[in-house]
Each structure stands twice: as structure tokens, then as C-alpha cells.
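Shown next, in C-alpha cells, is the structure this report addresses.
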Amino acid sequence: MRKLMHFLERLRRSSSKLHLCLFIASRPLNSSLHEHEHRHRRHYHLPSSSLWIYCSEIFNFHLATLDVLCQTKPASNIHKGTKKCIIRTNKINILRHQNYKSDLAGLASLQQRRYSNSFVPAVLTRNANIYPSSIHQCFFGTNSASRRNKMETSEKLVHSRCKKQIEIRACGRLYSELVKSNPILFSGAPKGDGILFKVDYYDSIDMVNFRQVPTICLLHGSPGQYEDFASLINFLTIRGYRVLAPNFPDYNATYQYSFRHSPRERLDFLLEFFRALDVKKIDMLIGHSGSVYTMFELLDHSFSDDTSNWATTSRDFKMEVRSVGMFCTPSHRLPRNAAITPLRLFSLKLFDYPMLRPLLSACLGWWVKMHGIRNRVDKDNIENLLMSASTVGYSEHNKLEARFGLLKRHKIPSLLVYGSKDRLIDVYRFEQLERDLGVTDQARVKRYRSDGSLEKDRSSSESARQQLVDVSRFEGGGHYVFQRYSNQVNEDVYEFLKERLLVGNEVFEK
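Under the working numbering, think of the first position of the sequence shown as 22, with each following residue one higher.
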């Protein structure tokens, strides 16, 4: 089996389109693996109907585990020899489960596809207890030095007592204003007191030695949850920072209250959340993907001289943000496939009607399977796809370019982290974003190779530090680059805090 894994690894390195040509035996074989040469390509008789495949090219180089089953009907159609099963990974849907609990990279799911009358490839999902021990130790063991750089980890939060829940009421005054400007869209929104949210969040304030410590706030993307930042949360908590990470409302809030996940709604949600926790200053605000719209909405509110015209529940509540971190940030130039059209917004509105949801979900699920959106949004949970579409559809992305100017005007230190293999946002859009943020030269751009090794470090000269934007670029990173290269991103965030804000170890030693 180890020979097979090494062979698949060589295939992965040689081609971005991994094509496996497998001969699956029609009869049970012993535990040994017989290797054969055929047409200058290696084929294998399997010890049973199962094959554990190390495939890391399918989904942003993360480690998935597939169990290919051979289901035959009728049995008389099986030849005495072997049957050929070709798995083309660019045609396979590898879907990522959001709430995974094991130590695997995620739930690997394969869209069933019939290649002949006798074979139906299928997938058995994650369960570390049933993995062959040799494969589990080889690729999932903690002794593997390259484990972090080969896969996206499902690291768990160490300090479970920091997981908390709070009730807040938000968006009441906002909906009173929005229902006047757009009565059709917000017809089901509650007026008056607004929406009562039960917010799950992470707060490490009980772990710090004293209250006056730097506060780091993490905002997840859509769809997502604060546990997406598990590695960074553990890293910063251990070093004595106060880490604050709330969960945004899920799509059930849309069904019940017409919550559209727009930046203005999420801003009101965040302000009430911070007010309930008595948080008035954030030393570093980090946002991933679509949360950048809410992040810059908060910055605009924080630097406004007069907030009386803001339709927020807490008009008099102001936040101080000292620096920002942007992980895989979309720009104001949306890609063509994410363009906002009246038809897409109308389709989102139709989901407000309970009687239409089953039919619309079935149609949307069929469309997803036919087109195969190759990212973490593409999974069996249609609500996550709807949340992603709502976040982009109501994002007011055209305001983002002007709000980038807030960073320059108020001299806010910024850290931009992205991967060149992002399948949601093209790399040239990140490069354009660098120029929009004022990155004039490459002195403060840090580059990593695909294996996570450092290719080019930042310049520490005084002239280079005049540029307030630091960039970390990963040549092999995808849309969740902070998970795959967690060690490197964690160190870059820590280095940024020490250099830009002077809040390193020396603060906690006083």
C-alpha cells in the first residue's frame, strides 16, 4: 500500500489534472498489492474493493480520503479478469463538510457517477477509527513534518471554556429605515425591537492575566463559523491576547426575519455584540472573504464624525480599530461569474416563501451538480450556497473602492494574506487589490512557495516600513490559505502585531 501512496504522490506532482487508471479485481484478493506495468502506466490489483487514495490536487491540495467501491449488477456481467475504472478528478465533486469533528481534512463526498454497467464509484466518509493504521499514521499522524503544508487541518479549539453564548437584539431601527426604501425586500423584517439573536462566540478574556491586553477580533466568511480560525485562535490565545470571534447569523434568520446578510445588517449586529461585551477598542480586526464588506462598514462607522444619520440601533456607540487583517479579500471588481443580476436577487427573494423552498432547493441542487462549483460553498447544504450568494448580492461592493481610502487616510496598518491558487478570486484581482491599497513596491511583500517554504522575506528597512500594507502571498494557497499554511500565517500575524502595533511579548511581561 505504501508503494501505491508514493506512486500517487508522484502523479500529483507531475500533473495538476490527476488521472488515475485503476484495475479493480472482480474477486477478493489477499492483503498484498500486486503491481503491474501496462502501456507505460502503473496499474494495481486491489486487495479488496476498497482503495484509499491520497489525492491532494482535487480540492486546493487538501487531503481527502476516498473509498472506491465496486458495485456490480448483474454479477454475470463481471469478466474473469479485471474491470477498468477511470476516475477523473476534475470531474469529481469533492465537497467539504462545515462542522467536521474528527482529525481529518473534512468530509470527502463523491458525486456518484456510473462509468459502465458494472461499476458505480462511491465514497465512504470520514472515520479515523476504521482507517488502515499505516495510512492513517503516514498522512494524518502528528509526527509528519509536512502535515501542515500538505493539507488543510481541522484543528480544534483547545480552550473549550472560551466558547460562550450571548443574546443580543439588533436591527430594529435599521429595518424601520430599510422598509421605507425597499419595502418588497424587507417586508418580513421585524420593526420596533428588531431581532433577538443567540450568538455563539469565542472570547479568551478568562485566559488573560489582566484586562488591558490587545484585543484581536476575527470575522469569518460566508458560509463559515469562528472555528474556521481554530489554529489562529489557539495560537493567539496561548500568547496572551484577548481573542474575540463571533458567529454571524445563519440563513435561518433569513427565513424567519428576512435578514439579508448585508453589510448594514451585520454592522448593526456587530455593534450590539460589542456593546453587550463592553468592547470599545480592537487592536486588530481580521476578516476572511465576504466579511470584508462588514469590516469596512465598521471602519466607515468608526471614522465618521457624525453618526446620527446612521440607521443603526447604537448610533452613539463608536469603535476604535487600530489595524486590519484581510484574508483572501474580494475587491470591488467582482468576477464575471459572481456578477449581481436582478434575476439572481429575485431568485433569493423567492426563498422567503416556504412553499417554494423544496422546489427551488431541488432546482438549485441540480444546477450545482451540473456545473460543479469547485469550492467549499459547493456542498449538499443549499443554505450555505444561498448565504454566499446573499453576502455578495447585497454587499454594496461598489462602495469598497472608496472605503479602501480609509486605510490610507487614517494611516491604518494592514495585513493582506492570499493564495495564488484561489478558485473563487483570481490572483490578478489580488494583485490589483495590492495596488488599490497603495502597495507601490514589493519590499513589504512576503512570498511563500507551494510547500510553505519562504521564497522572499519582507524588507525591514525604515523606508520600506513607511508602506503601511504588509502582504503575504502563498503560491499554493487557496481560499482558506490560513488553514493550509496555518503555521506561516500565524507567525505573520504575530510578527505584524509586534512590528506595527508593538504588542508582542514585551507587553505581557510588564
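Ideal Cβ positions, reconstructed from N, Cα and C, are used throughout, including at glycine.
With respect to the C-alpha of Leu-407, the residue from Ser-368, Glu-483, Phe-269 and Lys-442 having the closest C-alpha is Ser-368. Per DSSP, the unbroken beta strand (DSSP E) holding His-309 starts and ends at 305 to 309. Between Val-300 and Met-347, the gap from beta carbon to beta carbon reaches 7 Å or more. For Tyr-449, the enclosing alpha helix (DSSP H) begins and ends at 448 to 457.
Counting C-beta pairs with one atom in each stretch, the stretch 226 to 246 and the stretch 198 to 217 have fewer than three that are closer than 8 Å, which means they do not touch.
DSSP places Lys-519 outside any beta strand (DSSP E); the residue lies instead in the alpha helix (DSSP H), whose first and last residues are 507 to 521. CA-to-CA, the gap between Ser-181 and Phe-295 works out to about 21 Å. A Cβ-Cβ contact shorter than 7 Å links Arg-494 with Arg-468. For Ser-352, there is no enclosing beta strand (DSSP E), as DSSP gives it neither H nor E. The Cβ neighbour count for Leu-291, taken over all protein chains shown within 10 Å, is at least 16; the residue is labelled buried. Collapsing the DSSP output to three states places Ser-197 in a helix. Taken atom to atom, the span from the alpha-carbon of Leu-518 to that of Met-305 is near 8 Å.
Its chain contains Tyr-223, His-241, Ala-266 and Asn-268 as the residues whose beta carbon lies nearer than 6 Å to that of Tyr-247, once the 5 sequence neighbours on both sides are disregarded; these appear in chain order. According to the DSSP secondary-structure assignment, Tyr-439 is paired through a beta bridge with Arg-494. The Cβ atoms of Ser-409 and Ser-252 lie no closer than 7 Å to each other. Classified as exposed, Met-376 has fewer than 16 neighbouring CB atoms from the shown chains inside 10 Å of its CB.
Looking at Pro-235, Gly-414, Leu-475 and Thr-258, the one whose alpha-carbon comes closest to that of Lys-184 is Thr-258. Tyr-374 sits exposed, since fewer than 16 C-beta atoms from the chains shown fall within 10 Å of its C-beta.
Taken in chain order, the complete beta strand (DSSP E) segments of 3 or more residues contained in the stretch 228 to 273 are 236 to 240 and 263 to 267. Judged by their CB atoms, Ser-325 and Val-342 are not nearer to each other than the 7 Å cut-off. Counting along the chain, the unbroken alpha helix (DSSP H) around Arg-430 starts and ends at 421 to 430.
Per DSSP, Ile-403 has no beta bridge partner at all. In this structure, DSSP gives Lys-219 an extended state, which the three-state scheme calls strand.
For Asp-447 and Cys-349, the gap between their C-alpha atoms comes out near 10 Å.
Using a Cβ distance threshold of 7 Å, Tyr-262 and Ile-303 do not count as a contacting pair.
In this chain, the alpha helix (DSSP H) harbouring Phe-294 covers 284 to 297. In the three-state DSSP reduction, Ala-191 falls in the strand class (E or B).
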